[in-house]
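Per our numbering, the very first residue in the sequence shown carries number 35; after that it's consecutive. Here's the structure we're looking at; comments come further down.
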Amino acid sequence: MTTFKNPYDLPWDALQIMRGNLRSLSAAIQSELVPLPVPSTEEWTQEHFRLPAEARGSETDGRYDLYYTPYFYGVFAALDDATVSEVVMQKAAQIGWTYALIAWLFKNIKWRPSPIVVMFPKEGAAKEFNDEKLEPCIRSTPQLAEIIDITKSRSAGNRSLFKSFANGFLKLVGSKSISSVKSTPARIVVVEEPDDATDNLKEQGNSIKLLWERTKRQKNSKRVMGGTPSVQGLSKVEDHIRLSDQRVLPIVCHGCGGSHVLAWENVTWMNSEDPTYQPHEVYNMALPDTAAYVCPDCGELWDDYQRKENIRNTVMSAIAAGDPLCGWVATAPFHGIAGFKELSEIYTCMPGVGLADIVKDYLAAEYEAGRGDESERIVFVNSKLARAYAYQDDHVTEDQLRERAEAEGYQCGLCPAGGLLLTVGIDVQRNPARVAVGRRAWGRGEESWQIDWQELYAAGAITDTTDRVWTDLETLVFGPVKHASGNAIYAAAVSIDSSDGETNDAVYQWVRKMSRKYPQVLVMAIKGSSSRQDPEIFSPPRVRGVDHQNAKHPSKADKYGLKPFMVGTQKAKDWLAGKMKLTGDGPGRWHMCSDVRTDYFEQLTGEVKAPHRTLKNKKVWQPKSGRAIEAWDCEVYALHAARAKRVHLMQPREWDNLEQKILQSDLFSVPIPAAPDAPTGTSRIDASSRPAEHTKPEAKPRSSMADLARRLNN
């Protein structure tokens, strides 16, 4: 038996104390070495997140209580779920999303710090978010105030749009800044109000997709999107919801025990039947304060208290039963994206908010719609019901156009007998590098026939003027087109897009070169008008005077001796949409080749004219989410070129002269280049289609407006 020796002759009670201290020290060291379990977002939010004074009720101490937003239990669970790579929230405007999002971000900053990027439609919205929501929440939440010191100067790394902390940062960006969107890898990226985000960021693609790319090669990354939808077919958040498992939240009725998804159609209110009642100017005989919800299964009326209690009880019962979705139900297969669909204000459980307020908004929107202003109705559907507005238009469909083209009976590359003047519309794209070309022949009464639509791809960058794509483009645009008479027709006017600041150098060089080489062809660099403008389809460039007291720097076009032409895109698209509805032959008919590329029809219908999200009482053409529209743009530009040649004002005698010249020509008798100019590079177009080089023909009579345009370019 081993006998314990006390070498220092310490008292036994002191030895016992030392033994206890060693045990405590060992336990403390062990606890430091073992990482603490990361709390759930729901747990951390309710325990540690604090609302700022301006957002809390007077009766609360600022604690975030999911009692008032029970639907976020399921959202927080999805945000914590490692199998979920993306969370999409299609929501009403006033549902409490912003503070729920901030709480989740704060939990990650505290427990799993890493780079975080939050994108807003504009940088101004990011600054408002920082000033009105983010910094007040940092100040009111002690655990975050210790991590992010917003009292320090800019030099400390904490600025309005950038907050640094150990092992990470929080960066707020606008969707229009390509450097901000593309430059920063991050584990967490968030898009606020995606329907307002930039569609094509400097011709490099959708800003949301560019931001999503920032999470690649990031372990345990998470992509989050939350916003109200816009017009059906144009809504980005609706598109992302379609890719998700499309979760809905059915609520159990306290009367019958059945469950259903809350819907606006089940909200009811009374109308006054009192003959002495004075109708309200906006509500008329409706009594919105009597609003209630009706169970569609049993007819039980829910007042606001019962409605909120039914929502809370449904969620808490699901949690108690171990439901990982916390009451939400997936209606589509799960492929890594959790989508929360149409979370409307009917679900709100916050104090002071009831169905009466929603009904008042509805009645006010209908009142304005009755006076011709549909914008308030759209806002109600988008912002209150969280639905995309189903705007009805009478634009022809993709299938209708395809059927008509198949019935036309002529193939691409051949100009029918009625086509007497050829115009070309060209769209320039950087990603991938290519030019889209649409050729159209015009005849009497503005009847027109498509010649073809195709895309020529660059071997390298489209900005490289030595790339063979520019030689290919010249060959295609200025080469002969076989006419039904057996002779040839050549381009009379060309409109090429120069609106992209990255590619317009190459465009301007090409326009100047072609204008000199083919002086009898009107070659125009063009720019489309904005949605706020509504100019004519064609108008000559304005000649600016020189202010010697305040001389301006010359524009890029000035350096090439050119004046860009403005295209009235809204009027042009209205004109095209109207002509595309016509069938048969005759004035105004708009014909298509029977064998044109199949994606041509999809691109022709890639836009819809609908009320604009920010332009009140104005309908504008807007691209459908995710749709290419190069073919549609080419037709707009070809129409612009036709208007430059005054096709719509030509007299019968002028058409007769054009027809006679075509009948007297052949494939080799019409001269095009002013002088031989050997092309560089190898063309991928057959050499037999190259324009013949002969002496310049006698110039055709020109109208004063077209002559002015030609002189400005030359």
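By construction, the Cβ of each residue, glycine as well, lies at the ideal position given by its N, Cα and C atoms.
Backbone CA spacing between residue i and residue j [nearest angstrom]
i	j	result
residue 196	residue 228	21 angstroms
residue 273	residue 407	27 angstroms
residue 211	residue 669	30 angstroms
residue 270	residue 276	10 angstroms
residue 526	residue 591	22 angstroms
residue 436	residue 73	57 angstroms
residue 260	residue 77	22 angstroms
residue 63	residue 373	43 angstroms
residue 334	residue 389	16 angstroms
residue 131	residue 403	29 angstroms
residue 559	residue 616	30 angstroms
residue 242	residue 231	7 angstroms
residue 81	residue 176	11 angstroms
Buried/exposed call for residue i, threshold 16 Cβ in 10 Å
i	result
residue 440	exposed
residue 621	exposed
residue 749	No answer is possible for residue 749: it lies beyond the span of the chain, which begins at 35 and ends at 748.
residue 369	exposed
residue 95	exposed
residue 50	exposed
residue 417	buried
residue 672	buried
residue 423	buried
residue 250	exposed
residue 720	Low per-residue confidence applies at residue 720: pLDDT is 36, beneath 50, and the placement is therefore not dependable, though the value from the model is reported in the following sentence. Exposed.
residue 258	buried
residue 455	buried
residue 52	exposed
residue 60	exposed
residue 98	buried
residue 311	exposed
residue 562	buried
Among the options, nearest to residue i - alpha-carbon criterion
i	options	result
residue 678	458, 622, 486, 283	458
residue 676	392, 556, 501	556
residue 486	448, 262, 96	448
residue 400	390, 389, 413, 388	413
residue 284	246, 224, 263, 359	359
residue 506	685, 76, 493	493
residue 233	166, 154, 279, 183	154
residue 594	560, 633, 546, 624	546
residue 655	644, 664, 648, 288	644
residue 627	473, 559, 522	473
residue 329	320, 316, 344	344
residue 289	331, 660, 488	331
residue 684	483, 540, 476, 491	476
residue 88	101, 552, 169	169
residue 512	551, 478, 479	551
residue 539	573, 625, 496, 576	496
residue 263	419, 674, 482	419
residue 102	54, 298, 383, 265	383
residue 147	181, 315, 529	181
residue 488	624, 348, 478, 446	446
residue 532	690, 167, 464	464
residue 491	323, 501, 452	501
residue 160	184, 194, 554, 624	194
residue 658	112, 209, 265, 171	265
Chain C contact for residue i (CB, 8 angstroms cutoff)
i	result
residue 664	Checking the listed chains, one finds no chain C in this structure; it contains a single protein chain.
Beta carbon of residue i nearer than 8 angstroms to that of residue j
i	j	result
residue 509	residue 462	no
residue 116	residue 75	no
residue 221	residue 192	no
residue 602	residue 641	no
residue 664	residue 470	yes
residue 381	residue 105	yes
residue 144	residue 100	no
residue 140	residue 206	no
Segment limits, beta strand (DSSP E) that includes residue i
i	result
residue 517	515-517
residue 488	482-491
residue 149	149-154
residue 595	Neither: residue 595 is in no beta strand (DSSP E) and is coded neither H nor E.
residue 600	599-601
residue 305	301-305
residue 284	284-286
residue 320	320-328
Residue interval of the alpha helix (DSSP H) (run including residue i)
i	result
residue 103	Premise fails: residue 103 is in no alpha helix (DSSP H) and is neither H nor E.
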